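One structure below.
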Amino acid sequence: MTLAIELGISILLIIGGVFALIGAIGLARLPDFYTRLHGPTKATTIGVGSIALASFAYFAGANASYDLIELLIMVFLFMTAPISANFLAKAAMHLKVKTTDNTRGQPWDQ
Amino acid sequence: MIEIALKVTIALIALAVVLNVYRLIRGPDATDRVLALDTLYINAIALILLLDIQLDTRLYLESALLIAVMGFIGTVALAKYLKRGSVIE
C-alpha cells in the first residue's frame, strides 16, 4: 500500500470519527427534539459513510479484495436515515413533543 | 499511520457512544430515546467496521449489514408504535 493510499484512508477515518462525534454532541446538547433530530440523521450518517468508504479502500488496497459490502452499508444508511428521521418527526408531532420557547409557530399548527 | 488514525477514530466513536447513552438515559421523551437508539446502532456499525480494519479480517461485515437493516426496521416499528399505538394495523 502506497503512502498516498494510507494518507487517504487515515483522513477518511478521522473525518468519519469527527463527524460521528459532532452528531452525538448535537444529540446531547441541542435544546429540543426537533433540533436534536438534525445531529444524528445528518452528521452521524455522513461520518459512518466516510468510515465505510475508508474500510472499502483499506481492503481494496491491502488485500485487493473488492467486495461491495461496505458500499452496500453506506448506500443503505444514506437511504434509510432520512426515512427514519421523517417517521420520528411525524411521531413527535403526533405526540406534541415540546419545542423550545423561541420556535416560531408550532409544527402541528398547519 | 493507519494504526494511529484507527485508534483515534475508535476513541472518537466511543465518546460518541457515551453521549448517545447519556441522551438515552436522560430522555425526556420517548422519541428522544428512539432517536438515541437509532444513533447507537449507526455507531455500532462504525465500531464493527473499525474492528474489521483493526483485525484485518472481513468476517464481521455481514453482521454490520444485518445491523443496518434490522436497526432501520426497529426504528420504523418504534416510530409507528409511538404514532399509532400499534405496529401493524
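So the sequence lines, in the order shown, correspond to chains A and B.
Under our numbering, the very last position in the first sequence is 260; numbers go up by exactly one each time.
Under our numbering, the very last position in the second sequence is 114; numbers go up by exactly one each time.
We treat Cβ as the ideally placed atom computed from N, Cα and C, and that holds for glycine.
Computed from a prediction, not measured in an experiment: that's the story for all the values here.
Closest by CA to residue i, which one among the options?
i: Gly166 of chain A; options: A:Ala178, A:Thr191, A:Gly211 and A:Thr195; result: A:Thr195
i: Leu162 of chain A; options: A:Arg186, A:Asp251, A:Leu187 and A:Gly199; result: A:Gly199
i: Thr64 of chain B; options: A:Gly173, A:Leu222 and A:Pro232; result: A:Gly173
i: Ala30 of chain B; options: A:Gly189, A:Tyr184 and A:Ala204; result: A:Ala204
i: Glu220 of chain A; options: B:Thr100, B:Leu49 and B:Leu86; result: B:Leu86
i: Gly232 of chain A; options: A:Lys246, A:Glu156, A:Phe209 and A:Ala193; result: Sequence inspection shows Pro at residue 232 of chain A; the Gly mentioned does not correspond to that position. Cα-wise, what sits closest to Pro232 of chain A is A:Ala193.
i: Gly189 of chain A; options: B:Ile70, B:Arg109 and B:Asp57; result: B:Asp57
i: Leu91 of chain B; options: B:Lys108, B:Ile50, B:Ile38 and B:Ala69; result: B:Ala69
i: Leu103 of chain B; options: B:Ala61, B:Arg48, B:Ser88 and B:Asp77; result: B:Ala61
i: Asp217 of chain A; options: B:Thr100, B:Ile98 and B:Arg83; result: B:Arg83
i: Tyr66 of chain B; options: A:Leu180, A:Ile223, A:Glu156 and A:Asn213; result: A:Ile223
i: Lys248 of chain A; options: B:Gly96, B:Gly52 and B:Ser111; result: B:Gly52
i: Leu180 of chain A; options: B:Arg48, B:Ala55 and B:Val59; result: B:Arg48
Quick one: is residue i near chain B, going by C-beta distance under 9 Å?
i: Thr194 of chain A; result: yes
i: Pro181 of chain A; result: no
i: Ala178 of chain A; result: yes
i: Tyr208 of chain A; result: yes
i: Gly255 of chain A; result: no
i: Ala241 of chain A; result: yes
i: Ala154 of chain A; result: no
Anything in chain B within Cβ reach of residue i, meaning under 7 Å, just list it in chain order.
i: Thr230 of chain A; result: Phe97
i: Gly167 of chain A; result: Val33, Thr34, Leu37 and Ile38
i: His244 of chain A; result: Lys108
So that I know if they touch, is there some Cβ in chain A lying closer than 9 Å to that of residue i?
i: Leu80 of chain B; result: no
i: Leu84 of chain B; result: no
i: Val112 of chain B; result: no
Check the Cβ of residue i against every Cβ in chain A and list those closer than 7 Å, keeping chain order.
i: Arg48 of chain B; result: Leu177 and Ala178
i: Val59 of chain B; result: Leu238
i: Leu62 of chain B; result: Near Leu62 of chain B there are no residues of chain A at all, since even the closest Cβ is about 10 Å away, more than 7 Å.
i: Leu76 of chain B; result: In chain order: nothing, as chain A lies at least about 10 Å away.
For a contact meaning CB atoms closer than 8 Å, what does residue i contact in chain A?
i: Val101 of chain B; result: Ile233, Ser234 and Phe237
i: Leu90 of chain B; result: Ile219, Leu222, Ile223 and Phe226
Just to make sure I have the definition right: I need the residues of chain B whose C-beta is within less than 9 Å of the C-beta of residue i. Which are they?
i: Gly158 of chain A; result: Those do not exist, as Gly158 of chain A stays about 10 Å from chain B at its closest Cβ, beyond 9 Å.
Near-chain B residues of the stretch 215-228 of chain A (beta-carbon distance less than 8 Å), N- to C-terminal order: Listed by position along the chain: Ser215, Asp217, Ile219, Glu220, Leu222, Ile223, Phe226 and Leu227.
Ordered list of alpha helix (DSSP H) runs contained in the stretch 156-228 of chain A, each at least 4 residues: 183-186 and 195-212
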